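All remarks here apply to the structure that follows.
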(Lines of atoms letter the chains of each structure in order from A; the text may use other names.)
(Lines give C-alpha, C1' and ligand atoms only; values in the text may rest on other atoms or scores of the structure.)
Protein backbone atom coordinates (compact mmCIF):
# COMPACT_ATOMS: atom_id res chain seq x y z
CA UNK A 1 0.00 0.00 0.00
CA UNK A 2 1.15 3.57 -0.63
CA UNK A 3 -0.26 7.09 -0.37
CA UNK A 4 -2.71 8.25 -3.06
CA UNK A 5 -1.10 9.32 -6.38
CA UNK A 6 -1.75 13.01 -5.69
CA UNK A 7 0.23 12.74 -2.44
CA UNK A 8 3.10 10.88 -4.10
CA UNK A 9 3.44 13.69 -6.65
CA UNK A 10 3.27 16.48 -4.03
CA UNK A 11 5.40 15.02 -1.23
CA UNK A 12 9.18 15.52 -1.27
CA UNK A 13 10.77 12.09 -1.38
CA UNK A 14 13.20 12.35 1.53
CA UNK A 15 10.27 12.77 3.92
CA UNK A 16 8.80 9.50 2.67
CA UNK A 17 9.85 6.94 1.55
CA UNK A 18 13.38 8.37 1.89
CA UNK A 19 16.08 9.03 -0.68
CA UNK A 20 18.43 6.11 -1.25
CA UNK A 21 22.01 7.06 -0.55
CA UNK A 22 25.55 6.00 0.11
CA UNK A 23 26.53 9.69 0.29
CA UNK A 24 24.62 12.81 1.26
CA UNK A 25 25.24 16.56 1.04
CA UNK A 26 23.40 19.27 2.94
CA UNK A 27 23.90 22.33 0.74
CA UNK A 28 23.26 25.38 2.94
CA UNK A 29 22.45 28.64 1.19
CA UNK A 30 21.08 32.15 1.58
CA UNK A 31 18.64 33.74 -0.84
CA UNK A 32 20.03 36.91 -2.43
CA UNK A 33 17.31 37.63 -5.03
CA UNK A 34 14.00 36.29 -3.69
CA UNK A 35 11.81 36.80 -6.77
CA UNK A 36 14.45 35.39 -9.09
CA UNK A 37 14.96 32.45 -6.72
CA UNK A 38 11.22 31.66 -6.76
CA UNK A 39 11.19 31.44 -10.54
CA UNK A 40 14.39 29.42 -10.72
CA UNK A 41 13.42 26.87 -8.08
CA UNK A 42 10.04 26.48 -9.81
CA UNK A 43 11.99 25.66 -13.00
CA UNK A 44 13.80 22.93 -11.02
CA UNK A 45 10.39 21.51 -10.11
CA UNK A 46 9.14 21.74 -13.70
CA UNK A 47 12.23 19.92 -14.96
CA UNK A 48 11.81 17.17 -12.32
CA UNK A 49 14.96 18.12 -10.43
CA UNK A 50 13.17 18.15 -7.06
CA UNK A 51 12.60 14.51 -6.18
CA UNK A 52 9.03 13.59 -5.26
CA UNK A 53 7.93 10.54 -3.29
CA UNK A 54 6.88 9.02 -6.59
CA UNK A 55 10.40 9.53 -7.97
CA UNK A 56 12.02 8.29 -4.75
CA UNK A 57 10.23 4.96 -4.87
CA UNK A 58 11.96 4.36 -8.21
CA UNK A 59 15.39 5.73 -7.25
CA UNK A 60 16.09 4.72 -3.67
CA UNK A 61 17.10 1.10 -4.25
CA UNK A 62 19.44 2.08 -7.10
CA UNK A 63 21.26 4.67 -5.00
CA UNK A 64 21.95 2.47 -1.97
CA UNK A 65 24.90 0.54 -3.41
CA UNK A 66 28.13 2.56 -2.98
CA UNK A 67 29.92 0.35 -5.50
CA UNK A 68 27.43 0.74 -8.34
CA UNK A 69 26.78 3.84 -10.42
CA UNK A 70 23.26 5.04 -9.68
CA UNK A 71 20.92 7.48 -11.38
CA UNK A 72 21.15 11.21 -10.84
CA UNK A 73 20.98 12.40 -7.26
CA UNK A 74 17.76 12.75 -5.34
CA UNK A 75 17.30 16.44 -4.42
CA UNK A 76 14.93 18.01 -1.89
CA UNK A 77 14.80 21.49 -0.40
CA UNK A 78 13.73 23.10 2.86
CA UNK A 79 13.62 26.63 4.27
CA UNK A 80 14.62 27.98 7.66
CA UNK A 81 12.39 30.46 9.52
CA UNK A 82 14.54 33.30 8.13
CA UNK A 83 14.21 31.74 4.69
CA UNK A 84 10.42 31.67 4.90
CA UNK A 85 10.52 35.33 5.96
CA UNK A 86 12.72 36.18 2.98
CA UNK A 87 10.25 34.43 0.69
CA UNK A 88 7.48 36.50 2.31
CA UNK A 89 5.62 33.32 3.22
CA UNK A 90 5.80 33.54 6.99
CA UNK A 91 3.77 36.25 8.72
CA UNK A 92 0.10 37.20 8.93
CA UNK A 93 0.94 40.26 6.82
CA UNK A 94 2.30 37.93 4.13
CA UNK A 95 -0.45 35.32 4.16
CA UNK A 96 -3.45 36.58 6.09
CA UNK A 97 -5.03 35.39 9.32
CA UNK A 98 -5.06 31.62 9.80
CA UNK A 99 -2.66 30.92 6.92
CA UNK A 100 0.71 30.95 8.71
CA UNK A 101 2.73 28.02 10.01
CA UNK A 102 1.79 27.50 13.65
CA UNK A 103 4.74 25.65 15.20
CA UNK A 104 6.48 28.00 17.64
CA UNK A 105 9.68 25.95 17.89
CA UNK A 106 10.16 26.12 14.13
CA UNK A 107 9.43 29.84 14.03
CA UNK A 108 11.99 30.51 16.79
CA UNK A 109 14.69 28.38 15.15
CA UNK A 110 17.00 25.65 16.45
CA UNK A 111 19.71 27.94 17.82
CA UNK A 112 17.24 29.97 19.87
CA UNK A 113 15.85 26.84 21.50
CA UNK A 114 19.22 25.26 22.33
CA UNK A 115 21.10 28.44 23.31
CA UNK A 116 18.31 29.70 25.56
CA UNK A 117 18.44 26.42 27.46
CA UNK A 118 22.22 26.61 27.82
CA UNK A 119 22.69 23.25 26.06
CA UNK A 120 24.52 24.64 23.01
CA UNK A 121 27.34 27.15 23.33
CA UNK A 122 28.53 29.43 20.56
CA UNK A 123 32.15 28.39 21.11
CA UNK A 124 31.27 24.85 19.99
CA UNK A 125 29.73 26.02 16.73
CA UNK A 126 31.61 25.77 13.45
CA UNK A 127 32.15 29.06 11.54
CA UNK A 128 29.12 28.59 9.22
CA UNK A 129 26.83 28.21 12.25
CA UNK A 130 28.39 31.05 14.22
CA UNK A 131 27.91 33.33 11.21
CA UNK A 132 24.28 32.21 10.92
CA UNK A 133 23.32 33.10 14.48
CA UNK A 134 25.24 36.39 14.30
CA UNK A 135 23.37 37.29 11.11
CA UNK A 136 26.47 37.77 8.96
CA UNK A 137 25.75 34.69 6.78
CA UNK A 138 22.13 33.76 7.40
CA UNK A 139 21.06 30.26 6.37
CA UNK A 140 17.81 30.56 4.44
CA UNK A 141 17.58 27.01 3.21
CA UNK A 142 19.10 23.61 2.61
CA UNK A 143 19.22 21.41 -0.45
CA UNK A 144 19.32 17.75 0.59
CA UNK A 145 21.28 15.87 -2.06
CA UNK A 146 21.42 12.06 -1.88
CA UNK A 147 23.04 9.43 -4.05
CA UNK A 148 26.52 8.04 -4.55
CA UNK A 149 29.63 10.23 -4.30
CA UNK A 150 29.64 11.17 -7.98
CA UNK A 151 25.93 11.95 -8.25
CA UNK A 152 26.03 14.09 -5.08
CA UNK A 153 28.84 16.19 -6.57
CA UNK A 154 26.85 16.56 -9.79
CA UNK A 155 23.78 17.45 -7.74
CA UNK A 156 25.65 20.29 -6.02
CA UNK A 157 26.81 21.59 -9.40
CA UNK A 158 23.27 21.36 -10.76
CA UNK A 159 21.82 23.39 -7.86
CA UNK A 160 24.48 26.08 -8.25
CA UNK A 161 23.95 26.29 -12.00
CA UNK A 162 20.16 26.37 -11.98
CA UNK A 163 19.86 28.92 -9.17
CA UNK A 164 22.80 31.10 -10.22
CA UNK A 165 23.17 34.38 -8.37
CA UNK A 166 19.72 34.11 -6.78
CA UNK A 167 21.47 32.30 -3.92
CA UNK A 168 24.80 32.36 -2.10
CA UNK A 169 26.26 29.00 -1.17
CA UNK A 170 27.25 29.13 2.51
CA UNK A 171 28.55 25.65 3.31
CA UNK A 172 28.09 21.97 2.46
CA UNK A 173 27.87 19.29 5.15
CA UNK A 174 28.85 15.93 3.69
CA UNK A 175 28.41 12.41 5.01
CA UNK A 176 28.63 8.84 3.77
CA UNK A 177 27.53 5.44 4.96
CA UNK A 178 30.23 3.39 6.63
CA UNK A 179 31.51 0.46 4.61
CA UNK A 180 32.96 -3.01 5.19
CA UNK A 181 32.38 -4.48 8.65
CA UNK A 182 31.23 -1.07 9.90
CA UNK A 183 28.35 -0.85 7.40
CA UNK A 184 25.06 -0.26 9.21
CA UNK A 185 26.75 0.86 12.43
CA UNK A 186 27.18 4.34 13.88
CA UNK A 187 30.57 5.54 15.17
CA UNK A 188 30.10 4.43 18.80
CA UNK A 189 29.82 0.92 17.37
CA UNK A 190 26.09 0.14 17.51
CA UNK A 191 23.79 -1.04 14.75
CA UNK A 192 21.78 1.97 13.63
CA UNK A 193 18.38 2.93 12.15
CA UNK A 194 16.64 -0.08 13.69
CA UNK A 195 13.70 1.70 15.26
CA UNK A 196 12.13 3.68 12.44
CA UNK A 197 8.34 4.21 12.47
CA UNK A 198 6.31 2.56 9.74
CA UNK A 199 3.52 4.80 8.47
CA UNK A 200 0.13 3.14 8.81
CA UNK A 201 -1.38 2.49 5.39
CA UNK A 202 1.72 3.79 3.58
CA UNK A 203 4.46 1.28 4.46
CA UNK A 204 4.26 -2.45 4.02
CA UNK A 205 4.14 -4.47 7.22
CA UNK A 206 7.59 -5.83 8.04
CA UNK A 207 8.03 -7.89 11.23
CA UNK A 208 11.76 -7.15 11.23
CA UNK A 209 11.24 -3.36 11.18
CA UNK A 210 7.79 -2.55 12.54
CA UNK A 211 7.27 -1.17 16.02
CA UNK A 212 4.60 -2.92 18.10
CA UNK A 213 2.30 0.01 17.37
CA UNK A 214 1.55 1.93 14.19
CA UNK A 215 2.51 5.51 13.34
CA UNK A 216 -0.20 7.65 11.76
CA UNK A 217 1.10 9.37 8.60
CA UNK A 218 0.23 12.81 9.97
CA UNK A 219 2.74 12.45 12.79
CA UNK A 220 5.40 12.89 10.09
CA UNK A 221 3.56 14.51 7.15
CA UNK A 222 1.42 17.60 7.69
CA UNK A 223 -2.37 17.53 7.48
CA UNK A 224 -2.85 13.80 7.41
CA UNK A 225 -4.44 11.79 10.24
CA UNK A 226 -2.27 12.18 13.33
CA UNK A 227 -1.07 15.77 12.79
CA UNK A 228 -0.85 17.42 16.22
CA UNK A 229 -2.56 14.30 17.61
CA UNK A 230 -5.80 14.78 15.65
CA UNK A 231 -7.12 12.34 13.08
CA UNK A 232 -9.06 15.06 11.28
CA UNK A 233 -8.78 18.82 10.96
CA UNK A 234 -10.55 20.43 13.91
CA UNK A 235 -8.69 23.70 13.54
CA UNK A 236 -5.42 22.24 14.88
CA UNK A 237 -3.68 21.35 11.63
CA UNK A 238 -1.35 23.53 9.57
CA UNK A 239 -2.77 25.76 6.78
CA UNK A 240 -4.03 24.06 3.65
CA UNK A 241 -1.05 25.12 1.51
CA UNK A 242 1.32 23.23 3.86
CA UNK A 243 -0.34 19.85 3.36
CA UNK A 244 2.26 17.18 2.49
CA UNK A 245 5.06 19.27 4.00
CA UNK A 246 7.14 18.40 7.06
CA UNK A 247 9.54 20.06 9.49
CA UNK A 248 13.14 18.93 9.11
CA UNK A 249 15.65 19.13 11.96
CA UNK A 250 19.34 19.15 11.01
CA UNK A 251 22.04 18.93 13.69
CA UNK A 252 25.74 18.21 13.25
CA UNK A 253 26.70 16.00 16.20
CA UNK A 254 30.41 15.37 16.73
CA UNK A 255 31.00 12.08 18.56
CA UNK A 256 33.96 11.52 20.90
CA UNK A 257 34.41 7.78 20.45
CA UNK A 258 37.59 7.60 22.50
CA UNK A 259 35.98 9.32 25.48
CA UNK A 260 32.93 7.05 25.20
CA UNK A 261 35.00 3.86 25.29
CA UNK A 262 37.42 5.09 27.94
CA UNK A 263 34.62 6.16 30.27
CA UNK A 264 32.84 2.83 29.94
CA UNK A 265 36.10 1.09 30.84
CA UNK A 266 36.67 3.44 33.80
CA UNK A 267 33.20 2.82 35.26
CA UNK A 268 33.40 -0.94 34.66
CA UNK A 269 36.69 -1.10 36.57
CA UNK A 270 35.46 1.09 39.46
CA UNK A 271 35.21 -1.41 42.33
CA UNK A 272 33.33 1.09 44.50
CA UNK A 273 30.40 0.91 42.09
CA UNK A 274 30.33 -2.87 42.05
CA UNK A 275 28.44 -3.07 38.78
CA UNK A 276 29.98 -6.43 37.82
CA UNK A 277 30.03 -5.39 34.17
CA UNK A 278 32.66 -5.55 31.46
CA UNK A 279 33.17 -2.40 29.35
CA UNK A 280 31.12 -3.70 26.40
CA UNK A 281 28.28 -4.62 28.79
CA UNK A 282 28.32 -1.12 30.26
CA UNK A 283 28.33 0.44 26.79
CA UNK A 284 25.20 -1.62 26.06
CA UNK A 285 23.54 -0.15 29.16
CA UNK A 286 24.37 3.34 27.90
CA UNK A 287 22.43 2.55 24.71
CA UNK A 288 19.81 0.00 25.79
CA UNK A 289 20.86 -2.35 23.01
CA UNK A 290 23.86 -4.54 22.41
CA UNK A 291 26.23 -3.58 19.62
CA UNK A 292 24.42 -6.05 17.34
CA UNK A 293 21.14 -4.19 17.93
CA UNK A 294 19.57 -6.84 20.19
CA UNK A 295 17.53 -5.20 22.99
CA UNK A 296 18.96 -5.36 26.49
CA UNK A 297 15.45 -5.88 27.87
CA UNK A 298 15.42 -9.40 26.38
CA UNK A 299 19.15 -10.16 26.57
CA UNK A 300 20.37 -8.55 29.82
CA UNK A 301 23.51 -10.64 30.29
CA UNK A 302 25.26 -10.80 26.94
CA UNK A 303 24.92 -9.90 23.29
CA UNK A 304 23.29 -12.89 21.57
CA UNK A 305 25.59 -12.25 18.61
CA UNK A 306 28.47 -13.36 20.89
CA UNK A 307 26.67 -16.52 22.02
CA UNK A 308 25.66 -18.50 18.95
CA UNK A 309 24.40 -21.40 21.08
CA UNK A 310 22.03 -19.32 23.20
CA UNK A 311 18.69 -17.64 22.45
CA UNK A 312 18.87 -15.39 19.41
CA UNK A 313 17.32 -12.06 18.51
CA UNK A 314 14.77 -12.99 15.88
CA UNK A 315 11.79 -10.71 16.62
CA UNK A 316 13.06 -7.53 14.97
CA UNK A 317 11.70 -4.30 16.41
CA UNK A 318 8.37 -5.74 17.53
CA UNK A 319 8.87 -5.73 21.30
CA UNK A 320 7.98 -3.80 24.44
CA UNK A 321 9.40 -3.62 27.96
CA UNK A 322 8.44 -6.66 30.00
CA UNK A 323 8.08 -4.60 33.16
CA UNK A 324 7.49 -0.95 32.17
CA UNK A 325 8.25 0.33 35.69
CA UNK A 326 11.32 -1.87 36.18
CA UNK A 327 14.85 -1.06 34.98
CA UNK A 328 16.74 -4.11 36.25
CA UNK A 329 17.37 -5.17 32.67
CA UNK A 330 17.36 -1.92 30.69
CA UNK A 331 18.18 1.36 32.51
CA UNK A 332 15.77 4.26 32.34
CA UNK A 333 18.76 6.40 31.36
CA UNK A 334 19.65 4.31 28.32
CA UNK A 335 19.38 6.02 24.95
CA UNK A 336 16.60 3.91 23.47
CA UNK A 337 14.45 4.10 26.60
CA UNK A 338 14.88 7.87 26.80
CA UNK A 339 14.24 8.58 23.12
CA UNK A 340 11.36 6.11 22.60
CA UNK A 341 9.83 4.84 25.87
CA UNK A 342 7.49 2.44 24.03
CA UNK A 343 5.06 1.08 26.65
CA UNK A 344 6.51 2.92 29.65
CA UNK A 345 3.35 4.93 30.24
CA UNK A 346 0.59 2.70 29.00
CA UNK A 347 -0.61 5.45 26.65
CA UNK A 348 -3.67 4.95 24.54
CA UNK A 349 -3.02 3.94 20.96
CA UNK A 350 -4.27 7.41 20.00
CA UNK A 351 -1.24 9.15 21.50
CA UNK A 352 1.45 6.48 21.52
CA UNK A 353 2.90 7.63 18.21
CA UNK A 354 2.71 11.41 18.74
CA UNK A 355 6.44 11.93 19.40
CA UNK A 356 7.83 9.55 16.80
CA UNK A 357 10.23 11.03 14.25
CA UNK A 358 11.45 9.83 10.87
CA UNK A 359 15.25 9.82 11.11
CA UNK A 360 17.26 10.60 7.99
CA UNK A 361 20.81 11.09 9.28
CA UNK A 362 24.14 9.88 7.93
CA UNK A 363 27.59 9.44 9.53
CA UNK A 364 30.54 11.65 8.65
CA UNK A 365 34.27 11.30 9.23
CA UNK A 366 36.72 8.39 9.34
CA UNK A 367 36.34 5.19 11.32
CA UNK A 368 37.89 5.40 14.78
CA UNK A 369 41.30 3.77 15.26
CA UNK A 370 44.54 4.55 17.02
CA UNK A 371 45.83 6.14 13.83
CA UNK A 372 42.71 8.27 13.27
CA UNK A 373 41.65 8.99 16.86
CA UNK A 374 42.31 12.73 16.56
CA UNK A 375 40.18 13.14 13.43
CA UNK A 376 36.62 14.47 13.64
CA UNK A 377 33.67 12.13 13.19
CA UNK A 378 30.03 11.99 14.08
CA UNK A 379 26.50 12.10 12.78
CA UNK A 380 24.72 14.54 10.51
CA UNK A 381 21.46 14.03 12.35
CA UNK A 382 18.26 14.69 10.45
CA UNK A 383 14.64 13.94 11.24
CA UNK A 384 11.15 14.77 9.99
CA UNK A 385 8.00 15.45 11.97
CA UNK A 386 4.80 17.43 11.48
CA UNK A 387 5.30 19.24 14.80
CA UNK A 388 8.76 20.05 16.22
CA UNK A 389 7.37 20.48 19.75
CA UNK A 390 5.83 16.98 19.71
CA UNK A 391 8.82 15.43 17.93
CA UNK A 392 12.44 16.48 18.23
CA UNK A 393 11.97 19.15 20.93
CA UNK A 394 9.94 16.81 23.13
CA UNK A 395 12.48 14.00 22.78
CA UNK A 396 15.47 16.23 23.53
CA UNK A 397 14.05 18.58 26.18
CA UNK A 398 11.39 16.60 28.02
CA UNK A 399 12.96 13.17 27.72
CA UNK A 400 16.67 12.95 26.91
CA UNK A 401 17.93 15.88 29.03
CA UNK A 402 15.36 15.43 31.80
CA UNK A 403 16.65 13.72 34.95
CA UNK A 404 13.10 12.76 35.93
CA UNK A 405 12.07 10.97 32.75
CA UNK A 406 10.67 8.36 32.46
CA UNK A 407 10.79 8.07 36.26
CA UNK A 408 12.17 10.34 38.99
CA UNK A 409 15.92 9.86 39.36
CA UNK A 410 16.36 8.23 35.96
CA UNK A 411 19.27 10.49 35.02
CA UNK A 412 19.98 11.82 31.55
CA UNK A 413 20.44 9.99 28.27
CA UNK A 414 24.01 8.71 28.47
CA UNK A 415 24.57 8.77 24.71
CA UNK A 416 23.44 12.23 23.55
CA UNK A 417 22.44 14.36 26.57
CA UNK A 418 24.03 17.80 26.90
CA UNK A 419 24.96 19.44 30.23
CA UNK A 420 23.70 22.95 30.94
CA UNK A 421 26.57 25.34 30.36
CA UNK A 422 27.05 27.78 33.24
CA UNK A 423 24.60 25.85 35.43
CA UNK A 424 24.14 27.00 39.04
CA UNK A 425 22.63 23.80 40.42
CA UNK A 426 25.16 21.02 41.01
CA UNK A 427 22.71 18.49 39.59
CA UNK A 428 22.70 20.37 36.28
CA UNK A 429 26.48 20.65 35.98
CA UNK A 430 27.22 16.95 35.66
CA UNK A 431 25.38 14.47 33.50
CA UNK A 432 24.58 11.21 35.21
CA UNK A 433 22.61 8.01 34.89
CA UNK A 434 21.53 5.62 37.63
CA UNK A 435 22.32 2.07 36.60
CA UNK A 436 21.88 -1.46 37.82
CA UNK A 437 24.67 -3.89 37.01
CA UNK A 438 24.56 -7.68 37.35
CA UNK A 439 24.66 -9.78 40.51
CA UNK A 440 27.56 -12.01 41.56
CA UNK A 441 26.34 -14.78 39.26
CA UNK A 442 26.13 -12.47 36.27
CA UNK A 443 22.32 -12.23 36.30
CA UNK A 444 20.03 -9.21 36.62
CA UNK A 445 19.32 -8.33 40.25
CA UNK A 446 16.16 -9.84 41.72
CA UNK A 447 13.37 -7.89 43.39
CA UNK A 448 13.70 -7.55 47.16
CA UNK A 449 11.39 -9.00 49.83
CA UNK A 450 8.92 -6.16 49.24
CA UNK A 451 8.78 -7.00 45.53
CA UNK A 452 10.68 -3.79 44.77
CA UNK A 453 13.94 -3.25 42.85
CA UNK A 454 16.86 -3.25 45.36
CA UNK A 455 17.57 0.49 45.61
CA UNK A 456 21.00 -0.02 47.21
CA UNK A 457 22.20 -1.81 44.06
CA UNK A 458 21.36 1.16 41.85
CA UNK A 459 24.51 3.22 41.29
CA UNK A 460 24.90 6.81 40.14
CA UNK A 461 27.31 6.97 37.23
CA UNK A 462 28.50 10.46 36.27
CA UNK A 463 29.66 10.96 32.71
CA UNK A 464 30.96 13.74 30.51
CA UNK A 465 29.06 14.61 27.37
CA UNK A 466 30.08 12.36 24.48
CA UNK A 467 28.79 14.66 21.75
CA UNK A 468 29.24 18.29 20.76
CA UNK A 469 26.75 20.17 18.63
CA UNK A 470 28.60 21.93 15.81
CA UNK A 471 25.56 23.56 14.25
CA UNK A 472 22.13 23.00 12.78
CA UNK A 473 18.73 24.51 12.09
CA UNK A 474 15.03 23.78 11.73
CA UNK A 475 13.62 23.77 8.19
CA UNK A 476 10.20 23.55 6.58
CA UNK A 477 10.29 21.16 3.65
CA UNK A 478 7.20 22.22 1.69
CA UNK A 479 4.98 20.26 -0.65
CA UNK A 480 5.96 20.45 -4.31
CA UNK A 481 2.80 22.47 -5.03
CA UNK A 482 4.20 25.24 -2.79
CA UNK A 483 6.62 26.39 -5.49
CA UNK A 484 3.83 27.02 -7.98
CA UNK A 485 1.90 29.00 -5.37
CA UNK A 486 4.93 31.23 -4.76
CA UNK A 487 5.32 32.05 -8.43
CA UNK A 488 1.60 32.75 -8.80
CA UNK A 489 1.91 35.50 -6.17
CA UNK A 490 4.69 37.34 -8.02
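Numbering (full-length UniProt numbering), first residue to last: 1 to 490. Using N, Cα and C, we set each Cβ at its ideal position, and we do this for glycine too. These numbers come from a predicted model, not from an experiment.
Between residue 399 and the rest of its own chain, which residues show a CB-CB distance below 6 Å, the 5 nearest in sequence each way excluded? 338 and 405
I need the DSSP call for residue 85, collapsed to helix, strand or coil. helix
Report the start-end ranges of each alpha helix (DSSP H) in the region 223 to 310 that is 4 residues or longer and not cut off at the edges. 257 to 268 and 279 to 287
Which residue comes first and which comes last in the alpha helix (DSSP H) that contains residue 25? Residue 25 -> not in any alpha helix (DSSP H); beta strand (DSSP E) instead, spanning 23 to 31.
Sequence-distant residues of its chain with Cβ nearer than 8 Å to residue 191 (five each side left out): 184, 185, 289, 291, 292 and 293
Grab the span of the beta strand (DSSP E) containing residue 460 for me, first residue to last. 458 to 463
Would you give the residue range spanned by the beta strand (DSSP E) that residue 146 belongs to? 141 to 147
One or two residues paired with residue 385 in a DSSP bridge: 247
Do residue 8 and residue 51 come within 8 Å of each other at the CB atom, strictly closer than that value? no
Considering only DSSP beta bridges, list what residue 12 is partnered with. 52
The alpha helix (DSSP H) spanning residue 130 covers which residue range? 127 to 134
DSSP beta-bridge partners of residue 379: 253 and 363
Of the residues 413, 216, 317 and 148, which one's Cα is nearest the Cα of residue 195? 317
Label residue 408 either buried or exposed according to how many other C-beta atoms from any shown protein chain fall within 10 Å of its C-beta, with 16 as the threshold for buried. exposed
Between residue 357 and residue 392, what straight-line distance do the alpha-carbon atoms span, to the nearest angstrom? 7 Å
Determine which residues share a DSSP beta bridge with residue 191 and list them. 185
Less than 8 Å separating the beta-carbons of residue 364 and residue 380? yes
Proximity winner among 217, 31, 455 and 482, relative to residue 328 (alpha-carbon distances): 455
Determine the burial state of residue 129: buried for a count of at least 16 other Cβ atoms within 10 Å of its Cβ, exposed for fewer. buried
Go through the region 91 to 120 residue by residue and report every complete run of the beta strand (DSSP E) that reaches 3 residues or more, in order. none
Between the CA atoms of residue 112 and residue 106 - distance to the nearest angstrom: 10 Å
Residues in the same chain with beta-carbon distance under 8 Å from residue 42, minus the five sequence neighbours each way, listed in chain order, please. 483, 484, 486 and 487
Output the boundary residues of the alpha helix (DSSP H) element that contains residue 336. 335 to 339
Could you spell out the range, first to last residue, of the alpha helix (DSSP H) harbouring residue 483? 481 to 488
Quick one, which of 57, 432 and 87 has its alpha-carbon nearest residue 334's? 432
Buried or exposed (CB count within 10 angstroms, at least 16 for buried), residue 103: buried
Between the alpha carbons of residue 82 and residue 394, how many angstroms are there, rounded? 23 Å
Contact set for residue 248: own chain, Cβ-Cβ below 7 Å, skip 5 residues either direction: 78, 382, 384, 475 and 477
Contact between the region 251 to 264 and the region 4 to 20 (3+ Cβ pairs under 8 Å): no
Residue 320 by DSSP, collapsed to three states: which one? coil
Residue 388: which of 5, 229, 26 and 155 sits nearest, CA to CA? 229
Check whether residue 170 and residue 32 have beta carbons under 8 Å apart: no
Among the candidates 163, 137 and 57, whose CA atom is the shortest distance from the CA of residue 36? 163
Which same chain residues end up closer than 8 Å to residue 172 when comparing Cβ atoms and leaving out the 5 residues on each side of it in sequence? 25, 26, 27, 28 and 156
Do residue 226 and residue 353 come within 8 Å of each other at the CB atom, strictly closer than that value? yes
So is residue 378 buried or exposed if we call it buried at 16+ other beta carbons inside 10 Å? buried
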